[in-house]
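*Asks:*
Numbering (full-length UniProt numbering), first residue to last: 1 to 371.
1) What did DSSP end up calling residue 369 once you bin it into helix, strand or coil?
2) Between 206, 141 and 125, which lies nearest to residue 238 when the distance is taken from Cα to Cα?
3) Near residue 105, what residues of its chain come up, given a Cβ to Cβ distance below 6 angstroms and the 5 sequence neighbours on each side ignored?
4) In chain order, which continuous runs of the beta strand (DSSP E) of length 3 or greater are located wholly inside the UniProt domain "DprA winged helix" (303-361)?
5) Have a look at 146, 215, 230 and 362 and flag the residue whose alpha-carbon is nearest the alpha-carbon of residue 193.
6) Determine the burial state of residue 49: buried for a count of at least 16 other Cβ atoms within 10 Å of its Cβ, exposed for fewer.
7) Specify, as a first and last residue, the run of the alpha helix (DSSP H) that residue 54 falls within.
8) Do you know offhand how far residue 86's Cα is from residue 67's?
9) Between the Cα of residue 47 and the Cα atoms of 64, 24 and 159, which residue gives the shortest distance?
10) Given a cut-off of 9 angstroms on the beta-carbon distance, is the pair residue 205 and residue 173 in contact?
11) Check each candidate in 31, 116, 96 and 11 and name the one with the smallest Cα separation from residue 64.
12) Which two residues bound the contiguous alpha helix (DSSP H) that contains residue 268?
13) Closest to residue 209 by C-alpha separation, out of 154, 289 and 178, would be which residue?
14) Which of the three DSSP states is assigned to residue 12 in this structure?
15) For residue 283 and residue 229, what's the separation of their Cα atoms in angstroms?
16) Would DSSP call residue 119 helix, strand or coil?
17) Who are the Cβ neighbours of residue 351 in its own chain at under 8 angstroms, not counting the five residues just before and after it?
18) Let me confirm a value: residue 94 is counted as buried when at least 16 other C-beta atoms fall within 10 Å, else exposed. Which label applies?
19) Answer with buried or exposed for residue 15, where buried requires no fewer than 16 other C-beta atoms within 10 angstroms of its C-beta.
20) Helix, strand or coil: which one does DSSP assign to residue 159?
21) With a floor of 3 residues, list each beta strand (DSSP E) that falls wholly inside the segment 73-124, ordered by position along the chain.
22) May I ask which residues mark the beginning and end of the alpha helix (DSSP H) holding residue 133?
23) In chain order, what residues of the same chain lie with their CB nearer than 6 angstroms to the CB of residue 221, ignoring the 5 residues before and after it?
24) Using 8 angstroms as the threshold, is the segment 333-342 in touch with the segment 134-143, meaning 3 or more CB pairs across them?
25) How long is the line joining the alpha carbons of residue 320 and residue 331, rounded to whole angstroms?
26) Taking only the alpha-carbon atoms, compute the straight-line gap between residue 166 and residue 113 and give it to the nearest angstrom.
27) Residues in its own chain within less than 8 angstroms of residue 324 by CB, not counting five upstream and five downstream?
28) Just mark residue 45 as buried or exposed, buried being the case when its beta carbon has 16 or more other beta carbons within 10 Å.
29) Given this structure, state the Cα-to-Cα distance separating residue 169 from residue 8, to the nearest angstrom.
30) Measuring only the C-alpha atoms, how far is residue 117 from residue 84?
31) Let me know the alpha helix (DSSP H) ranges lying completely inside the segment 171-227, each 4 residues or longer, listed in chain order.
32) Is residue 176 buried or exposed, if buried means 16 or more other CB atoms sit within 10 Å of its CB?
33) Which two residues bound the contiguous alpha helix (DSSP H) that contains residue 249?
34) Check residue 282 in the structure and name its three-state DSSP category.
35) Would residue 328 pass as a contact of residue 361 if the rule is Cβ separation under 9 angstroms?
Here's what the structure looks like:
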């Protein structure tokens with residue numbers, strides 16, 4: 001076995017010891033100058049003094065089947081297993097407390113070296129949340145950022161998809177092992193990420209399933225890989241706020257998109273803004289906080305000629321449709337018109353691209369922003 005593979009086997013052995021996670025491993029390695037080989041060179045007495053139990057020492061001395069499985073997985077095409085001391089390990093991630101000992105990766109390792117922005121949000125977004133995610137994601141990709149998220153349903157999925165649609169690179173950090181991808185319905189999206197030069201990442205062994213406790217741990221990696229974290233839409237108890245908290249603890253920028261007070265799915269973002277997160281309306285709000293990217297070329301956007309209210313039918317009725325789902329009854333009440341008449345006018349507005357029918361009623365589109 002070559003020296004690099006021998007060191008990888010040591011990392012796999014340490015990672016497989018019961019009761020030793022990133023925090024304990026960091027403490028142990030600090031006592032031997034950070035050298036994994038030096039740790040294994042310690043005799044049993046030294047290991048006991050470091051706080052290891054007899055069962056843990058036995059596991060270090062007699063590696064189990066997990067080590068062989070990990071080595072075999074890493075030998076497969078397009079698979080990469082990166083240890084904490086590897087030159088390929090992301091510099092920003094190495095800086096965080098409790099950095100993962102190992103990263104299981106599939107795809108292009110070149111993606112790890114790109115400047116990344118984490119974009120996260122609720123699994124149950126409103127139309128406005130999805131619209132903001134898609135718009136901002138496209139703008140940020142055009143500014144040279146790779147988009148990192150968690151492959152979850154909702155905002156995460158929108159961000160991955162839009163990054164690909166904009167011709168960018170996106171990285172997905174999973175809360176399961178890479179061989180048990182979750183959620184299953186995003187298998188096609190994961191394949192697209194790989195096909196377009198992106199990367200799938202997990203600190204979990206490939207066969208691990210998606211347990212609830214995996215996802216908060218996963219969130220520290222999403223923020224740790226990134227220059228900053230942008231929360232697009234999140235409720236007060238959203239896991240996305242865990243990612244934002246990790247970003248703060250890691251000394252990274254935290255951004256949030258504001259939402260209407262009536263939108264419970266935006267309450268978490270509004271709370272972040274009250275606590276000092278940077279308010280984001282456009283990509284420029286993000287870019288001005290990331291000086292490391294100042295040398296990247298900026299795209300030149302040519303704004304289309306603004307439309308005028310007179311180009312839209314029933315512009316006065318449009319004033320009564322919100323950017324969140326607005327019921328037909330609500331529009332009728334606000335406009336003081338019969339429901340039948342409102343329905344007919346909403347259909348015309350939909351044909352003009354000013355509103356869109358969604359579950360629960362209609363929402364305004366960006367086409368109508370000038371009104």
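Cβ atoms here follow ideal geometry from the backbone N, Cα and C, with glycine treated the same way. In this text, all values refer to a predicted model and were calculated from it rather than measured experimentally.
*Replies:* Looking at the coordinates:
1) In this prediction, residue 369 has a pLDDT of 48, which is less than 50 and means its spatial position is unreliable; nothing more can be read from the coordinates.
2) Among 206, 141 and 125, the Cα nearest to that of residue 238 is on 125.
3) The beta carbon of residue 105 sits closer than 6 angstroms to those of 80, 199 and 201, all from its chain and outside the five residues before and after it, given in chain order.
4) With a minimum length of 3 residues, the continuous beta strand (DSSP E) runs that stay inside the UniProt domain "DprA winged helix" (303-361) are 355-358.
5) Selected option, being the one with the closest Cα: 146.
6) By the Cβ-count criterion, residue 49 is exposed, with fewer than 16 other Cβ atoms from all chains shown falling within 10 Å of its own Cβ.
7) Taken as a continuous stretch (DSSP letters only), the alpha helix (DSSP H) holding residue 54 covers 54-61.
8) Computed Cα separation, rounded: 17 angstroms.
9) The alpha carbon of residue 47 has as its nearest neighbour, out of 64, 24 and 159, the alpha carbon of 24.
10) Contact: no.
11) Nearest in C-alpha terms to residue 64, of all of 31, 116, 96 and 11, is 11.
12) Per DSSP, residue 268 is one residue of the alpha helix (DSSP H) stretching across 267-274.
13) Among 154, 289 and 178, the Cα nearest to that of residue 209 is on 178.
14) In the structure shown, residue 12 sits in a helix (DSSP, three-state: H, G or I).
15) Linking residue 283 to residue 229 through their CA atoms gives a straight-line distance of about 13 angstroms.
16) Three-state DSSP puts residue 119 in a strand.
17) No residues qualify anywhere along the chain.
18) That one is exposed.
19) By the C-beta density criterion, residue 15 is buried, having at least 16 other C-beta atoms within 10 angstroms.
20) The answer is helix: DSSP assigns residue 159 an H, G or I state.
21) Unbroken beta strand (DSSP E) stretches of 3 residues or longer found wholly inside the segment 73-124: 79-83, 102-107 and 116-120, given in chain order.
22) From DSSP, the alpha helix (DSSP H) with residue 133 extends over 127-142.
23) The beta carbon of residue 221 sits closer than 6 angstroms to the beta carbons of 173 from its chain, once the five residues preceding and following it are set aside; these are given in chain order.
24) Not touching, per the Cβ criterion.
25) Whole-angstrom Cα-Cα distance: 6 angstroms.
26) If I take the Cα positions, the gap works out to 19 angstroms.
27) The beta carbon of residue 324 sits closer than 8 angstroms to those of 126, 127, 128, 260, 262, 263 and 363, all from its chain and outside the five residues before and after it, given in chain order.
28) Exposed.
29) When the Cα atoms are used, residue 169 and residue 8 turn out to be separated by approximately 28 angstroms.
30) When rounded, the distance between both Cα atoms is 22 angstroms.
31) Considered as a whole, the segment 171-227 harbours 187-195 and 214-224 as its complete alpha helix (DSSP H) runs of no fewer than 4 residues, in chain order.
32) Burial call: buried.
33) Element bounds for residue 249: 240-249.
34) Residue 282 falls in the coil class under three-state DSSP.
35) Yes; because the gap between Cβ atoms is below 9 angstroms, this pair is in contact.
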